[in-house]
Amino acid sequence: MKRFKERSIGELYRDDPERADALVFGRQAKTNRRGFLKGAGLTAVTAAVGGAIPFADSMPGGLIPAALAQGTPGAAPAKPDAPMMLKMDGKAELIVLQEKPLNAETPAHLLDDEVTPNEKFFIRNNGNLPEATANPKAWKITVDGEVDNKQELTVEDLEKKFQQVSFKLQLECGGNGRSGFSPEARGNQWSNGAIGCAEWSGVRLSDVLKAAGLKSSAVYTGHYGADPHLSGDTSKPTISRGVRLEKAMEPHSIIALRMNGKPIPLVHGAPARLVIPGWPGSTSAKWLNRIWVRDKEHDGPGMTGASYRVAKVPMVPGGKADNANMVILESMPVRSIITNIAHGTELPAGTRKLDLRGHAWAGENTISAVHVSIDYGASWKAAEVKAPANKYAWQRWTAAVDLPSAGYYEAWVRATDSSGKMQPHVVGNWNPQGYGGNAMHRIALLVKA
Amino acid sequence: MKLEFIHIVAGLLVFVAIFLLIDKQTRFAPRPLPSAARPAVPAPAATPAVVERPPVGEHGDTVESLPEGPGREETFYACAACHGTAIVRQQGMTRLQWDASIDWMIERHGMARPDQAERDVILDYLTTQFPPRARRGRDNPFLKN
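In order, the protein sequences belong to chains W and C.
Mapping of the first sequence onto our numbering: residues 1030 to 1478, in sequence order.
Mapping of the second sequence onto our numbering: residues 49 to 193, in sequence order.
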């Protein structure tokens, strides 16, 4: 006798969304161009999400309701297993993606602060944490390579000999949004929480490079930190990425010594780290101990192959990458998140107006528009967008939406950047390690009857 | 067909009941962990599981942290020498992608190169246990694995 395997709704949708619609909700995509919810199907999906669906008419067929999709379109299986929450002194309960190396992301609703506090800042590591230094002031940073005068600067030198600057800078993992790729791309399956915008204080990288005297052959930087390689092999750098000299010389690229006015916590790179805003976070080396000025594109671990690279000529999703077609990801793409209401919030009966708020950012660009929808993108409402505190600070957006009745809603947000690029509904531009995934953020809401 | 439908509806109702019970925050789970990776004392459904040991970069995983199947031990010792199993369990990849990942681990991260027989055992295991989960979009007529 055939044994029927129990399957979650998430699995059903992943295997065959249209069939899942037909089986579970009686929704038939093929009889109606967009497979909108009808009759018995509407009743079933209503039961599944725990409330009526006012905009069922515009809910596309085959779309897993966000309430069942665990936060992100296309996220991992909707199973009731609890995620592992971070328990660490000085840190909020972030979601642990892995323990060794330690990687943890911030749920969107914990990113509501204008300036991200240290405890809510996401954690990204490629290697092990180094030991905390006993004497932070004596921490040394070497600047060598294509310079006239090799430098060995201590943190104290940086504090005393260089102009001190302070900026609010967004710092985002290159893989933020990776969980939206289909098929899955290799790496930590970040949703949208590998982002923070803290106030970073320190010295301009350009001032330090100028002090070393750049040779005309200098074109690229290579950054090194003290984090030990996971294998225990002390001869191997864990990761060493760099940037084109133009970006290193940009006045907001800094060697940070303080995070939100306090010494940088160990897990965030104490006592000194780079902050290269708007570019993949891996260029912002933590526990910085060397900057190697190069006469060619840096080739340290993490610079070559498919690492931090996207396909120049679009490749077949899930296919084998041609390394010659992979180009370094520089500016991060446009992204927005809803931060004032948690995914899965129940609103009191009678709620008919809802304020939405969040942040939007776009790597090297600024935000030109943010729109919200509560009817699956059938109609959009423009949000108000504030100017950034300084270049590379994320921007606050606010909007108010009307909720016509009780029931299940999804709030969607999308941003458009100053170059005219908008966040897509689904992640495209597949690449083996999943960079640049910036689909719209969706949260599920339930207005009680 | 009818049996399957009933089964799915029953499964769905159970799922919905559990879904409504769990703490909102837990729904952000990027990827559920197998039972072996959870703390020994089961947490009540309404409380998110927490990392009971301080996460200072040690994974504390054992062979049992990976799902049972042929090749589990070989896979565990090849991978967990450097990193925890959570990063493995997050993935869902084709054989071709897993094979490329082993190359990447050798070239980029200094993994000890397994011989072909061992590599096949590991690849069989990974491909069986962690295949692509998603057909999140439509069929891809161009993708050949």
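The C-beta atom is built at its ideal place from N, Cα and C for all residues, glycine as well.
- chain D within 9 Å of W:K1129, Cβ atoms only: As a matter of chain content, chain D is missing from the structure shown, whose protein chains are W and C.
- Message: Output needed in chain order: residues of the stretch 1344-1365 of chain W with a Cβ under 9 Å from some Cβ in chain C.
- Response: V1345, P1346, G1347, G1348, K1349 and A1350
- Item | Below-9 Å beta-carbon distance, C:L144 vs any chain W residue | Taking the first residue of the second sequence as 1, we reach residue 144 of chain C at position 96. Interface residue, yes.
- Message: DSSP three-state label for W:G1466, please.
- Response: The count along the first sequence starts at 1 and reaches residue 1466 of chain W at position 437. DSSP places W:G1466 in the coil class of the three-state scheme, outside both helix and strand.
- Message: Using only the alpha-carbon positions, how far apart do W:A1163 and W:L1303 sit?
- Response: Mapped onto the first sequence, residue 1163 of chain W falls at position 134. Mapped onto the first sequence, residue 1303 of chain W falls at position 274. Each residue's Cα considered, the two are about 20 Å apart.
- In chain W, which residues lie less than 8 Å from C:E106 when you measure between Cβ atoms? Counted from its first residue, the second sequence places residue 106 of chain C at position 58. Chain W residues near C:E106: E1128 and K1129.
- Item | W:I1297 at chain C interface by Cβ criterion, 9 Å | Within the first sequence, residue 1297 of chain W is the residue found at index 268, counting from 1. Per the sequence shown, residue 1297 of chain W should be read as His rather than Ile. Chain C, which has no Cβ nearer than 9 Å to the Cβ of W:H1297, makes this no.
- Task: Mind checking which residues open and close the beta strand (DSSP E) that includes W:S1230?
- Result: The residue labelled residue 1230 of chain W in the question sits at position 201 within the first sequence. First-last of the beta strand (DSSP E) with W:S1230: I1224 to R1233.
- Option in W:L1376, W:G1203 and W:L1115 with minimal Cα separation from W:I1357: Residue mapping note: residue 1357 of chain W aligns to position 328 of the first sequence, counting from 1. Closest by alpha carbon: W:G1203.
- Query: In its own chain, which residues sit with a C-beta less than 8 Å from the C-beta of W:A1335, not counting the 5 before and 5 after it?
  - Reply: In the first sequence, the residue the question calls residue 1335 of chain W occupies position 306. If we look at W:A1335 and ignore the five residues flanking it on each side, its Cβ neighbours are A1350, N1352, M1355, N1460, P1461 and Q1462.
- Message: So, with DSSP's three-state summary, where would you put W:K1420?
- Response: Numbered from its first residue, the first sequence carries residue 1420 of chain W at position 391. DSSP places W:K1420 in coil when its eight states are reduced to three.
- Task: Inspect the beta-carbon positions of W:T1145 and W:W1168 and report whether they are closer than 9 Å.
- Result: Counting from 1 along the first sequence, the entry for residue 1145 of chain W is found at position 116. Counting from 1 along the first sequence, the entry for residue 1168 of chain W is found at position 139. Between W:T1145 and W:W1168, the C-beta gap is not smaller than 9 Å, which leaves the two residues out of contact.
- Item | DSSP-derived helix/strand/coil call for W:A1354 | Mapped onto the first sequence, residue 1354 of chain W falls at position 325. Ala is not the amino acid found at residue 1354 of chain W; the sequence shown has Asn there. Here W:N1354 sits in helix by DSSP.
- Query: Can you find a CB in chain W that lies within less than 9 Å of the CB of C:A165?
  - Reply: For this step, residue 165 of chain C is matched to residue 117 along the second sequence. By this cut-off, C:A165 is not an interface position.
- Please list the partners that C:C127 has in chain W, where partner means a Cβ-to-Cβ separation under 7 Å. In the second sequence, the residue the question calls residue 127 of chain C occupies position 79. Around C:C127, no beta-carbon contact reaches into chain W at under 7 Å, the shortest distance being about 11 Å.
- Message: Taking 9 Å as the threshold (beta carbon to beta carbon), is C:A88 in contact with chain W?
- Response: Residue mapping note: residue 88 of chain C aligns to position 40 of the second sequence, counting from 1. Its pLDDT being 34, under 50, C:A88 is placed unreliably by the model, and the measurement read from it follows with that caveat. No - not a single Cβ of chain W is within 9 Å of the one on C:A88.
- Query: Helix, strand or coil: which one does DSSP assign to W:H992?
  - Reply: Chain W is shown only over 1030 to 1478; residue 992 of chain W falls outside these bounds and no answer can be derived.
- In chain W, which residues lie with their C-beta within 7 Å of the C-beta of C:P162? For the purposes of this step, residue 162 of chain C is taken as residue 114 along the second sequence, with counting starting at 1. Neighbours of C:P162 on chain W: none; closest Cβ ~15 Å, over 7 Å.
- Determine the direct distance from the alpha carbon of W:A1081 to that of W:G1331, and round the result to whole angstroms. By 1-based counting over the first sequence, the position of residue 1331 of chain W is 302. By 1-based counting over the first sequence, the position of residue 1081 of chain W is 52. About 48 Å.
- Going straight from the alpha carbon of W:V1237 to that of W:F1191, what length do you get? Along the first sequence, read from residue 1 onward, the residue named residue 1237 of chain W stands at position 208. Along the first sequence, read from residue 1 onward, the residue named residue 1191 of chain W stands at position 162. Each residue's Cα considered, the two are about 8 Å apart.
- Query: Which residues mark the beginning and the end of the alpha helix (DSSP H) in which C:E155 is found?
  - Reply: Reading the second sequence from its first residue, position 107 is the one you call residue 155 of chain C. Run containing C:E155: R143 to H157, per the alpha helix (DSSP H) assignment.
- Query: Where does W:D1186 sit, in a helix, a strand or coil, going by DSSP?
  - Reply: Here residue 1186 of chain W corresponds to residue number 157 of the first sequence, with the count starting at 1. Three-state DSSP puts W:D1186 in a helix.
- Mind checking if W:D1142 is an interface residue toward chain C, Cβ cutoff 9 Å exclusive? Against the first sequence, residue 1142 of chain W aligns to sequence position 113. No, no contact with chain C.
- Buried versus exposed, by CB contacts within 10 Å (16 or more), W:V1363: As a working note, residue 1363 of chain W is residue 334 in the first sequence. Residue burial annotation: W:V1363 is buried, with at least 16 other C-beta atoms found within 10 angstroms of its C-beta.
- Proximal chain C residues relative to W:P1262, where beta-carbon distance stays under 9 Å: As a first step, residue 1262 of chain W is located in the first sequence; it is residue number 233 there, counting from the start. Note on identity: in this sequence residue 1262 of chain W is Asp, with Pro being the wrong assignment. Those are G158, listed as they occur along chain C.
- Grab the span of the alpha helix (DSSP H) containing C:L171 for me, first residue to last. By one-based count along the second sequence, residue 171 of chain C stands at place 123. Residues Q164 to Q177.
- Query: How about W:W1426 and W:S1360: do their beta carbons lie closer than 9 Å?
  - Reply: On the first sequence, residue 1426 of chain W is found 397 positions in, with the first residue counted as 1. On the first sequence, residue 1360 of chain W is found 331 positions in, with the first residue counted as 1. W:S1360 sits away from W:W1426, with the two beta carbons spaced by 9 Å or more.
- Item | 8 Å Cβ cut-off: residues of chain C touching W:H1334 | Here residue 1334 of chain W is taken as the residue at index 305 of the first sequence, counted from 1. Per the sequence presented here, residue 1334 of chain W reads as Gly, with His not at that position. What W:G1334 touches in chain C: W152, E155 and R156.
- Query: Using the rule of at least 16 other Cβ atoms within 10 Å of the residue's Cβ for burial, across every protein chain shown, is W:E1185 buried or exposed?
  - Reply: Here the question's residue 1185 of chain W lines up with position 156 in the first sequence. W:E1185 comes out exposed.
- Query: By the 10 Å Cβ neighbour count, where 16 or more other Cβ atoms means buried, how is W:R1319 classified, buried or exposed?
  - Reply: Sequence index remark: in the first sequence, residue 1319 of chain W carries index 290 (1-based). So W:R1319 counts as buried.
- Message: Counting only beta-carbon separations shorter than 9 Å, does W:K1265 have a partner in chain C?
- Response: On the first sequence, residue 1265 of chain W is found 236 positions in, with the first residue counted as 1. Chain C, which has a Cβ nearer than 9 Å to the Cβ of W:K1265, makes this yes.
- Message: Below 8 Å, is the gap between the Cβ of W:K1189 and the nearest heavy atom of the ligand MN?
- Response: Annotation note on the ligand MN: not contained in the displayed structure, which lists no ligands.
- Message: By the three-class DSSP mapping on this structure, what secondary structure does C:H107 have?
- Response: Against the second sequence, residue 107 of chain C aligns to sequence position 59. In this structure, C:H107 counts as coil in the three-state DSSP scheme.
- Message: Against chain C, does W:N1467 count as a neighbour if the rule is that its beta carbon must be under 9 Å from one of theirs?
- Response: The count along the first sequence starts at 1 and reaches residue 1467 of chain W at position 438. Not one chain C Cβ lies under 9 Å of W:N1467.
- List the residues of chain C that W:E1213 touches, going by C-beta distances under 8 Å, in chain order. Here residue 1213 of chain W corresponds to residue number 184 of the first sequence, with the count starting at 1. In chain order: Q139, G140, M141, P180, R181 and A182.
- Going by the beta-carbon positions, is the gap between W:G1387 and W:W1441 smaller than 9 Å? By 1-based counting over the first sequence, the position of residue 1387 of chain W is 358. By 1-based counting over the first sequence, the position of residue 1441 of chain W is 412. No; because the gap between Cβ atoms is not below 9 Å, this pair is not in contact.
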